[in-house]
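Q:
2 protein chains.
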Amino acid sequence: MDKLTLKKSDLKNRIRDIHDFPKQGIIFKDITTLLKDKAALKKSVDLLANKFKKEDIEFVVGVEARGFIFGAVLAYKLGAGFIPIRKKGKLPAKTQSVTYELEYGTDVLEIHEDALHEGSRVLIVDDLLATGGTIKAVADLVKAQKAIIAGVAFLVELKFLKGIQKLKDLPVYSVLKY
Amino acid sequence: MDKLTLKKSDLKNRIRDIHDFPKQGIIFKDITTLLKDKAALKKSVDLLANKFKKEDIEFVVGVEARGFIFGAVLAYKLGAGFIPIRKKGKLPAKTQSVTYELEYGTDVLEIHEDALHEGSRVLIVDDLLATGGTIKAVADLVKAQKAIIAGVAFLVELKFLKGIQKLKDLPVYSVLKY
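So, in structure tokens, the structure goes:
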């Protein structure tokens with residue numbers, strides 16, 4: 000193994016724990032330290048892209064804001080188009096929306112109504128799978144446009160939050176698991 | 000010229016005008032139609048990357064949220080790290096912040112205080128240069144960490160808003176101008 004080549008197991012060292020963010024008692028997985036490390040960024044993207052390169056992905060869908068990071072890179076790398084899903088009122092043309100549950104209250108995500116089409120092969124990308132509520136909502140938007148969810152990709156999965164249970168029947172891949 | 004290869008002049012056809020967004024009287028340049036077109040996305044990224052590939056970029060800095068899209072792809076493509084600049088309260092570790100003027104009131108952007116270091120060669124990326132206020136604020140954050148601004152890259156520049164005047168002395172490149 001070339002010493003300059005990162006291994007997958009090196010990637011966890013590039014993620015730092017931030018205690019009590021966004022609130023008391025939470026240990027937040029901060030991936031900005033991985034993103035700023037060029038070798039770790041490259042390795043992360045390449046692992047994600049290799050996993051889906053045979054899936055004939057037509058569009059990568061990424062969720063505002065952190066989902067845009069790996070989403071856009073994967074679209075470029077896989078030779079696909081990129082579709083942003085945004086919070087209410089941010090997309091300029093006609094949209095379809097979904098309301099989903101947060102810990103307290105609800106939130107709304109939107110997709111342009113002409114973003115996907117029937118039978119499009121779609122890869123949904125976000126940086127981190129926690130409770131799965133956001134990505135479940137994204138999957139509902141994609142399905143409403145009759146597109147095919149060919150994959151759901153995360154850099155990090157927090158297994159103890161069991162978000163995967165909300166995404167059953169979907170082909171989920173996470174590079175790193177905690 | 001290969002018919003499958005897009006020319007730079009084809010890219011403007013992939014951007015659509017949305018009238019009266021975000022408010023009455025504004026014609027919004029909607030780049031989501033370019034992003035979803037795989038050939039246009041690739042061509043846009045390649046033009047931006049070619050412009051800066053000899054600049055020995057160590058970090059690409061992108062601004063929440065749309066700046067993450069081209070910012071992250073360029074970081075990957077140039078073999079650099081990616082540094083997100085975010086709105087107040089979104090970054091988990093210790094930050095430095097800048098307050099800047101909006102049309103009505105002010106807003107705050109933050110960078111992690113350990114993001115850059117003295118002498119880092121930085122490329123600042125956003126999708127669109129309008130009045131230049133946001134990117135001027137980003138440049139101030141980068142300079143405060145004593146990094147070198149080796150380039151400022153946009154997909155689109157709205158020349159009639161004269162944002163370039165706020166960025167004088169900086170090496171600005173825009174793929175498309177209106």
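Which chain is which? The protein sequence lines are A and B, in order.
According to numbering that gives the first Met the number 0, the first sequence is numbered sequentially starting from 0.
According to numbering that gives the first Met the number 0, the second sequence is numbered sequentially starting from 0.
We put the beta carbon where it would ideally sit given N, CA and C, even for glycine.
#1: Could you tell me how far apart the beta carbons of residue 84 of chain A and residue 149 of chain A are, in whole angstroms, since I believe they sit closer than 8 Å?
#2: Tell me the DSSP bridge mates of residue 98 of chain B?
#3: Nearest to residue 112 of chain B by CA position, among B:174, B:145, B:131, is which residue?
#4: May I ask you to list the residues that DSSP assigns as paired with residue 156 of chain B?
#5: Determine the contact status of residue 161 of chain A and residue 176 of chain A, defining contact as a CB-CB distance below 9 Å.
#6: Per DSSP, what kind of secondary structure is residue 65 of chain A in: helix, strand or coil?
#7: Which residues in the same chain have their Cβ closer than 6 Å to the Cβ of residue 17 of chain B, if we skip the five residues on either side of it in sequence?
#8: Am I right that residue 51 of chain A and residue 68 of chain B are in contact with their C-beta atoms under 8 Å? What's the rounded C-beta distance?
#9: How many Å lie between residue 65 of chain A and residue 128 of chain B at the Cα?
#10: List the whole-angstrom C-beta distance separating residue 122 of chain A from residue 54 of chain A, where the pair is believed to meet the contact cut-off of C-beta under 8 Å.
#11: Can you give me the start and stop residues for the beta strand (DSSP E) that residue 20 of chain A sits inside?
#12: On the DSSP bridge assignment, give the partners of residue 170 of chain A in chain order.
#13: Measuring only between beta-carbons, confirm whether residue 1 of chain B sits less than 9 Å from chain A.
#14: For residue 31 of chain A, which residues in chain B fall below 9 Å Cβ to Cβ?
#15: Just the Cα atoms here: how many angstroms apart are residue 10 of chain B and residue 78 of chain A?
#16: Check the Cβ-Cβ distances between residue 148 of chain A and every residue of chain B, and say whether any is below 9 Å.
#17: Taking the straight line between their C-alpha atoms, what separation do you get for residue 120 of chain B and residue 141 of chain B?
#18: Provide the residue span of the alpha helix (DSSP H) that contains residue 36 of chain B, from first to last.
#19: Which of the three DSSP states is assigned to residue 29 of chain A in this structure?
#20: Can you pull the chain B neighbours of residue 47 of chain A, defined as C-beta to C-beta under 7 Å?
A: Looking at the atomic coordinates:
#1: 17 Å between Cβ atoms; not a contact.
#2: B:107
#3: B:145
#4: B:128, B:176
#5: no
#6: coil
#7: 27, 29
#8: Actually they are not in contact, since the Cβ atoms of residue 51 of chain A and residue 68 of chain B sit about 19 Å apart, beyond 8 Å.
#9: 21 Å
#10: 7 Å
#11: No beta strand (DSSP E) contains residue 20 of chain A, which DSSP labels as neither H nor E.
#12: Partner(s): none; residue 170 of chain A has no beta bridge.
#13: At residue 1 of chain B, the pLDDT of 47 sits below 50, so the modelled position is not reliable and the matter cannot be decided from this model.
#14: 81, 82, 83, 90, 91, 92, 111, 114
#15: 17 Å
#16: no
#17: 10 Å
#18: First-last for residue 36 of chain B: undefined, no H or E at that position.
#19: strand
#20: Residues of chain B passing the Cβ test: none, with the nearest at roughly 11 Å.
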